[in-house]
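Student: Please find one structure pasted underneath; my questions will follow.
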Amino acid sequence: MIVVHHLNNSRSQRVLWLLEELGIDYEIKFYERDQKTMLAPASLREVHPLGKSPVITDAENTVAESGAIIEYIVDRYGNGQLIPLSGTPERLRYTYWLHYAEGSAMPPLVMNLLFNRFGTGDSVNEGFIAPQIKLHFDYIEGELRKSTWFVGEEFTAADIQMSFPLEIVAMEAELISSRPKIKQFIERIHTRLAYKRALERGGRYDFANSIQ
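Right, here's the structure in full:
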């Protein structure tokens with residue numbers, strides 16, 4: 235059985251949601267962030283050397299990184315659910331968004347979080363971070379004008395992967411107010427029964443309240 239090593243208020247919430255969407259049995263091992271540093275506990279290094287979440291264990295397999303975990307679960311247990319057919323334009327878009335979420339959308343958000351916490355010159359924020367956030371989330375807003383979900387009119391695991399950066403952005407009223415399609419996307423995912431079940435099992439996840 236899959237064991238999700240779940241850190242509160244983290245990317246691992248997406249893994250719980252994916253498993254609920256697919257109806258797969260799983261166990262959760264809970265980890266709590268340090269209240270001062272907000273880092274994961276050292277005990278996670280016993281599961282994976284980097285000591286980060288998400289990470290899953292499944293029999294002899296240990297899989298880390300959100301995108302790799304999603305691919306592993308969908309390929310091994312999905313039975314064709316939540317993924318477009320191979321060789322189609324939709325499959326290409328699926329792969330793109332699966333990697334874009336962490337490869338492009340998240341880095342400026344993480345930099346913004348760290349620089350706000352530890353302090354940095356305004357010139358870095360104004361000259362690089364803020365323009366990058368605007369660039370990426372204007373782009374995402376434009377893409378969501380074309381279809382209900384990121385790959386088209388069918389919900390896929392790429393939407394689960396994209397949820398985390400969008401929920402972070404939604405915490406900032408100034409960023410979300412001018413991007414109605416992103417707001418609507420978040421409202422849609424928050425109504426999904428599997429999303430709600432994942433919240434019940436996973437515990438505290440502040441980003442579920444990103445839109446009031």
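Counting in our numbering, the sequence shown runs from 235 upward without gaps. For every residue, glycine included, the Cβ atom is placed at its ideal position computed from N, Cα and C. Everything numeric in this text was worked out from a predicted model, so none of it was measured.
#1: What residues in its chain sit with their C-beta under 7 Å from that of H370, if we drop five residues either side in the sequence?
#2: Kindly list the residues whose CB is nearer than 7 Å to the CB of E324, restricted to its own chain and excluding five residues on each side of it in sequence; keep chain order.
#3: Using a 10 Å radius around the Cβ and a threshold of 16 neighbouring Cβ atoms, would you call P288 buried or exposed?
#4: Can you round the beta-carbon distance between I416 and L400 to whole angstroms, since I take them to be within the 8 Å contact cut?
#5: Measure the alpha-carbon distance for M272 versus V308 and round it to whole angstroms.
#6: From the DSSP output, read off the bridge partner residues of F264.
#7: Using the beta-carbon count (16 or more within 10 Å), is G314 buried or exposed?
#8: Return yes when the Cβ of Y439 is within less than 8 Å of the Cβ of Q269, no when it is not.
#9: When you compare the CB positions of I290 and I394, do they come within less than 8 Å of one another, or not?
#10: Taking 8 Å as the cut-off, decide whether the C-beta atoms of H239 and V281 are in contact.
#11: At the 8 Å Cβ level, is N242 part of the contact set with chain D, yes or no?
#12: Just to confirm my understanding: we take I423, look at its own chain, exclude 5 residues before and 5 after, and list those with CB closer than 6 Å. What are they?
#13: With DSSP as the reference, identify every bridge partner of D372, one or two as the case may be.
#14: By the DSSP assignment, the beta strand (DSSP E) with A276 in it spans what residues?
#15: Under a Cβ-count criterion, where at least 16 other Cβ atoms within 10 Å of its own Cβ denotes burial, should G257 be classed as buried or exposed?
#16: From the DSSP output, in three-state form, read off T291 for me.
Tutor: On the basis of the data shown:
#1: S338, A339, P342
#2: P318, V385, G386
#3: buried
#4: With 8 Å as the limit, I416 and L400 qualify as a contact, their Cβ atoms being about 6 Å apart.
#5: 30 Å
#6: H240
#7: exposed
#8: no
#9: no
#10: yes
#11: Among the chains in the structure shown there is no chain D, since it carries only a single protein chain.
#12: Excluding residues up to 5 positions away in sequence, S397, Y429 lie with their Cβ nearer than 6 Å to the Cβ of I423 in the same chain.
#13: Answer by DSSP bridge pairing: none, since D372 is not bridged.
#14: Premise fails: A276 is in no beta strand (DSSP E) and is neither H nor E.
#15: Burial call: exposed.
#16: strand
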